[in-house]
Structure formats: structure tokens, C-alpha cells
Amino acid sequence: MLIFCRQDLTENERGAILDAARAAGFEPLELGSTRIALHGEGERAGLEALPGVLRIGALPDTPVLVNEPDRRVVRVGPVEIGTGFIVAAGPCAVEDRQRLLDLAHAAKAAGCDILRGGAYKPRTSPYSFRGLGDKGLEYLKAAGEATGLPVVTEVLDPRDVAVAAEHADMLQIGTRNMMNYSLLVEVGRADRPVLLKRGMAATLAEFVFAAEYILLEGAPGVVLCERGIRSPEPSMRNTLDLAAVPALRHQTNLSVIVDPSHATGRRELVPPMTRAAAAAGADGVMIEIHDAPDQALCDGKQAVHPDRLAALVENLRKIAALAAEAEESQ
Ligand code: PEP
Ligand code: MN
């Protein structure tokens, strides 16, 4: 069973409900701030009348919050995701202050909406560059302020969530952590919208439940990001599952963006797959850029040169507008 509590539940009321649930024979589990799951065999009579309780219902077996009517539009600083096609661009990793600033200005000049950049980098080899950490967050914040672009950055560790939320407008959960449920809970509490990337071997159902975890904690929005899944094909880093875009938009009310950089791992495949994403009805794309990809400390092979951005962004907006028109007429 599931207890739905008032939005403004006090700590005393919460404590009393939990005590009463235990006394009634249940194992209560707090789900975010307004729901308490009741597991075990207990006696529900009496719980409904407790102060702060709105009602008691069945535990859902499918995600619920991802389908609420107002979930599509997510505000990231001054930008809205879900009302038009957005482009997030930036380096894989923040490397130094000036380079980030130059890339941010290039992204802004090309018409991009959001600056991306990793301060904490999840790397396969522990000997690879693992990011500048807190310094990287400072550089991101400065670049965001200098350009007016809101910033999205990945967090790997629950202990870094608070500092990342102080410096960034949106927190990213990477593919490796899509099922790190304690991290999902922590970002869900940070009062920042979350960009949730699909686990590299996750089903759509698992992906959507991960979004539900974050929303339960009160996050002001979750945007899903398809970034490719593992397949037998070795010539690309992953396989971009484009059908996930309309499928996720059908089975949730969340916005969905596409990251063709990590999906393909090859810069020459990025522009065409951004165009395909726009045609498939995505709410935007996120791409990695670098002015000297061969010297990049991370993921240079998939970085697009900023010189190519302006034409790309212009084309994407045209394709997205056509796709939206086509969808409406069908
Ligand atoms: C990233 O976007 O920086 C990243 C590491 O992507 P993913 O988690 O999709 O591999
Ligand atoms: Mn990368």
C-alpha cells in the first residue's frame, strides 16, 4: 500500500505516521517527501485518519510521476526544454578555463542553448584524465555566466551533488550510474533539473523507472537522454537506439534528447545522427565539441569542431520544425 501525504507534512506528522505504520505491523519506506510505501502484512485501519495523511492507495507497479501532465517542460536556467528544439554543446571534459570559455562563446554564437562539460569524468581506465573536479565546476559556472548559457554537468558521487548543484543549472546522471539508486535519490533532492542518460544496457522500462526515482525525491524535472546501447557492432562506440525517442515520448510525458557523440564515438556520424534525432521528434540533442580534437583529454574522436556548429544548429531547427508539423498532421 502507499500512503499519500499532504505536501506540507510536518516532521512531527511524518514521525507519527511512520510510528503508527510500524505499530500496525508494516515496514514503512519513505518515497520522497509525500509518499510512504507500506510493505508487509499490517492492519491499515486507523492510518487513514492520521494528521497529514491524504489517502491510502495501492502500490503502483508501473511508473506514475513520469506521466504527470506537467512533466514535459523543464526549465534549465533561462532555457525551456520541451517547448522547442534545444542544442546542448560543450567539451567532453573541462580542460582549462580559457579553452572552456572559448568553446562556450562559440556554442553561444552558433545558437546553442546549453553548455555541457564534465568536471568529474567517469573513465574506463583509472589512469585516464578524470576531470578537474571542483575547479572544473568553477570554470563551468564562470563560462555560463560569461555567455548566459545554463550549464549541465555530470555527478558521479552523492557527496559531490551539493557542490555541483551550487555551480550548475542541471545535473547529469551518466550511463554508468543510471542504476545507482542512492545517487538518483541524492540528485533528486538537489532542487535542480536532472538530465538522465540511458544505461548502456538498460531497457526502456528500467530507464523510465530510474526517472521515477528522481522525480519521487522532488526534482523540478527530469529530461531523458538516449545515448546509445551496447550491441554486437564494434565499429561504433554504441548503437544509437533512435526508436527509443518516439517510444519514450509515447510511454512517458518527459522530454527526450539524443546524444549522438557517445552513441557513435565518431565525429563524422554526429551531424547526420543529430539530424535523424530531430526528425524522430527529439526535444533536442547534446553534442561534444572541441577546437583541437586531436589534443582533447577525453573523447576527441567524437568531438565536432565548433566551426561546424552554426550550420548544424540552423539545419536542426528547420528539421525539428518540419517534424513537429508532420507529427501534428498525423
Ligand atoms: C558524458 O556525457 O560526458 C558522458 C560520460 O556520457 P555517457 O554517460 O553517456 O557515456
Ligand atoms: Mn565524452
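With the working numbering applied, the sequence shown closes on residue 333, and no number is skipped along the way. Where a beta carbon is used, it is the ideal one built from N, C-alpha and C, also for glycine. Source: prediction; values computed, not measured.
**Prompt:** residue 302: beta carbon under 6 Å from a heavy atom of the ligand MN?
**Reply:** yes
**Prompt:** Which first and last residues belong to the alpha helix (DSSP H) in which residue 265 is found?
**Reply:** 263 to 267
**Request:** With DSSP as the reference, label residue 42 as helix, strand or coil.
**Result:** strand
**Beta carbon nearer than 5 Å to a non-hydrogen atom of the ligand PEP** = 121, 177, 178, 200, 230 and 265
**Request:** Quick one: residues in its chain with C-beta nearer than 8 Å to the C-beta of residue 241, no 5 flanking neighbours on either side, listed in chain order?
**Result:** Residues of the same chain with a CB within less than 8 Å of the CB of residue 241, apart from the 5 flanking positions on each side, are 203, 230, 231, 232, 233, 234, 265, 266, 267 and 268 in chain order.
**Burial state of residue 162, where buried means 16 or more other Cβ atoms lie within 10 Å** = exposed
**Message:** Spatial neighbours of residue 221 within its chain, please: C-beta separation below 8 Å, excluding the five flanking residues on both sides.
**Reply:** Within the same chain, residue 221 has close Cβ partners 35, 36, 191, 192 and 194.
**Message:** Can you list, in chain order, the residues of its chain with a C-beta nearer than 6 Å to that of residue 278? Leave out the 5 residues immediately preceding and following it.
**Reply:** 322
**Message:** If we define contact as Cβ-Cβ less than 7 Å, is residue 273 a contact residue for chain C?
**Reply:** Absence of chain C from the displayed structure is noted, only one protein chain being present.
**Request:** If I'm right that residue 289 touches residue 262 with Cβ under 8 Å, what's the distance once you round it to whole angstroms?
**Result:** That belief holds up - the Cβ atoms of residue 289 and residue 262 are roughly 5 Å apart, short of 8 Å.
**Request:** Using only the heavy atoms of the ligand MN, determine whether one of them is closer than 6 Å to the beta carbon of residue 95.
**Result:** Correct: residue 95 has its Cβ closer than 6 Å to the ligand MN.
**Request:** With DSSP as the reference, label residue 158 as helix, strand or coil.
**Result:** coil
**Message:** Please report the straight-line C-alpha distance between residue 316 and residue 118, rounded to a whole angstrom.
**Reply:** Taking the straight line from one Cα to the other gives about 14 Å.
**Prompt:** Taking the alpha carbon of residue 116 as the point to measure from, which residue in 93, 131 and 104 has its own alpha carbon closest?
**Reply:** 93
**Request:** Pull up the distance between the alpha-carbon of residue 206 and that of residue 180, whole angstroms please.
**Result:** 14 Å
**Request:** Note down, in chain order, each residue of its chain lying with its Cβ closer than 6 Å to the Cβ of residue 3, except the 5 sequence neighbours on either side.
**Result:** Since the first residue shown for the chain is 4 and the last is 333, residue 3 is missing from the structure and cannot be characterised.
**Under 7 Å between C-beta atoms of residue 294 and residue 309** = yes
**Request:** Could you check which residue in 149, 292 and 183 has the C-alpha nearest to that of residue 313?
**Result:** 292
**Enclosing beta strand (DSSP E) for residue 27 [first to last residue]** = Boundaries for residue 27: no beta strand (DSSP E) harbours it, and the DSSP string shows neither H nor E there.
**Message:** So for residue 91, helix, strand or coil by DSSP?
**Reply:** It is a strand residue.
**Item:** Member of 165, 41, 21 and 87 whose CA lies at the smallest distance from the CA of residue 324
**Value:** 87
**Item:** Through-space distance from residue 166 to residue 23, alpha-carbon basis
**Value:** 37 Å
**Prompt:** Buried or exposed: residue 138, going by 16 or more other Cβ atoms within 10 Å of its Cβ?
**Reply:** exposed
**Request:** Could you check if residue 216 is buried or exposed, using at least 16 other CB atoms within 10 Å of its CB as the buried criterion?
**Result:** buried
**Prompt:** Going by Cα to Cα distance, which pick from 43, 28 and 57 is closest to residue 16?
**Reply:** 57
**Message:** Can you give me the C-alpha to C-alpha distance between residue 20 and residue 44, rounded to a whole angstrom?
**Reply:** Taking the CA atoms as reference points, residue 20 sits about 16 Å from residue 44.
**Request:** Would you list the residues sitting across from residue 56 in a DSSP beta bridge?
**Result:** 8
**Message:** Just to confirm the assignment, what range does the beta strand (DSSP E) spanning residue 200 have?
**Reply:** 197 to 200
**Request:** Could you please give the first and the last residue of the uninterrupted beta strand (DSSP E) stretch that includes residue 232?
**Result:** No beta strand (DSSP E) holds residue 232; DSSP gives it neither H nor E.
**Message:** I'd like the list of long-range same chain contacts for residue 77, defined as Cβ closer than 7 Å, with 5 residues on each side in sequence excluded.
**Reply:** 84, 85, 196, 224, 226 and 258
**Request:** With a threshold of 16 other CB atoms inside 10 Å of the CB of residue 130, please say whether the residue is buried or exposed.
**Result:** exposed
**Message:** Quick check on residue 184: buried or exposed, where buried means 16 or more other Cβ atoms within 10 Å of its Cβ?
**Reply:** So residue 184 ends up on the exposed side.
**Request:** Using alpha carbons as the reference points, say which of 186, 153, 178 and 48 lies closest to residue 169.
**Result:** 153
**Prompt:** How big is the Cα-Cα spacing for residue 334 and residue 53?
**Reply:** In the structure as shown, the chain begins at 4 and stops at 333. Residue 334 is therefore absent and cannot be evaluated.
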